[in-house]
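S.K.: Encoded as structure tokens, here's the structure I'll be asking about.
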Amino acid sequence: MSKKRCGWVSDDPLYIDYHDNEWGRPEYDDQKLFEMLCLEGAQAGLSWITVLKKREHYRKVFDNFDPKKIAQYDDKKREELLNDAGIIRNKLKVNAFIVNAQRYLDITKEQSFSDYVWQFVDGKPVKNHWKSLKEVPVTTPESDAMSKRLKKDGFKFIGSTICYAFMQATGMVDDHVKDCFIRED
74 MSKKRCGWVS
84 DDPLYIDYHD
94 NEWGRPEYDD
104 QKLFEMLCLE
114 GAQAGLSWIT
124 VLKKREHYRK
134 VFDNFDPKKI
144 AQYDDKKREE
154 LLNDAGIIRN
164 KLKVNAFIVN
174 AQRYLDITKE
184 QSFSDYVWQF
194 VDGKPVKNHW
204 KSLKEVPVTT
214 PESDAMSKRL
224 KKDGFKFIGS
234 TICYAFMQAT
244 GMVDDHVKDC
254 FIRED
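Residue numbers for the sequence shown follow the numbering used here, so the first one is 74 and each next one is one higher.
Written as structure tokens, this is what we have:
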């Protein structure tokens, strides 16, 4: 008998592994949080599986999401990225990675990036109790607040929907539905 999962998971092994081992699990590592913020921005307007299938290549061409390196990317590197078929070649999204790396470095002069993003859920995961996928929101007051703050601090491609997806992906909110085997309760 197969395990019952959240309704958005397909039968793709990559998607199953992502759902079972990563999505909704609290992440506090600054660089991993930065990676997920970038990838959620890259996903805007596309399906997550599109980005998931390209994630390893993104890691390769974006120096493992090292913000110090990305913040230094010049026009030559930007052009190289925009010609790389292994990523989503959207100029605004590629530029956002670079700008967001610069803003990340600004933030982390004062505090960890983890503390910065986790403040929107008071530092601990919000455990929701949705019965079905239809109940799961695409934004919340917390994602609205995160988006507003990130924009104020100069980040790009971080609307409230992207922020909520980021919060779900990094375990700031646990939106595994009631009949998903991951649910602890």
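Ideal placement from N, C-alpha and C gives every residue a C-beta, glycine not left out.
#1: Here's the rule: buried if 16 or more other CB atoms are within 10 angstroms of the residue's CB, otherwise exposed. What is N94?
#2: Could you spell out where the alpha helix (DSSP H) holding S205 opens and where it closes?
#3: Are F170 and P140 touching if we call contact CB-CB under 7 Å?
#4: Which residue's Cα is closest to the Cα of C236: Q145, V190 and H249?
#5: Taking only three categories from DSSP, how would you classify D247?
#6: Between the C-alpha atoms of F230 and G97, what's the straight-line distance to the nearest angstrom?
#7: How big is the Cα-Cα spacing for I161 and Y177?
#8: Kindly indicate which three-state DSSP category K149 falls into: helix, strand or coil?
#9: Between the alpha carbons of C79 and V194, how many angstroms are there, rounded?
#10: Consult DSSP for V199 and reduce its assignment to one of helix, strand or coil.
#11: Does the beta-carbon distance from K200 to K251 come in below 7 Å?
#12: What residue from M109, A238 and W81 has the CA that sits closest to K127's CA?
#13: Can you tell me which of E153, E215 and D147 puts its alpha carbon nearest to the alpha carbon of V134?
M.R.: With the given structure in hand:
#1: exposed
#2: S205 -> no alpha helix (DSSP H), and no H or E assigned at all.
#3: no
#4: V190
#5: strand
#6: 21 Å
#7: 22 Å
#8: helix
#9: 23 Å
#10: strand
#11: no
#12: M109
#13: E153
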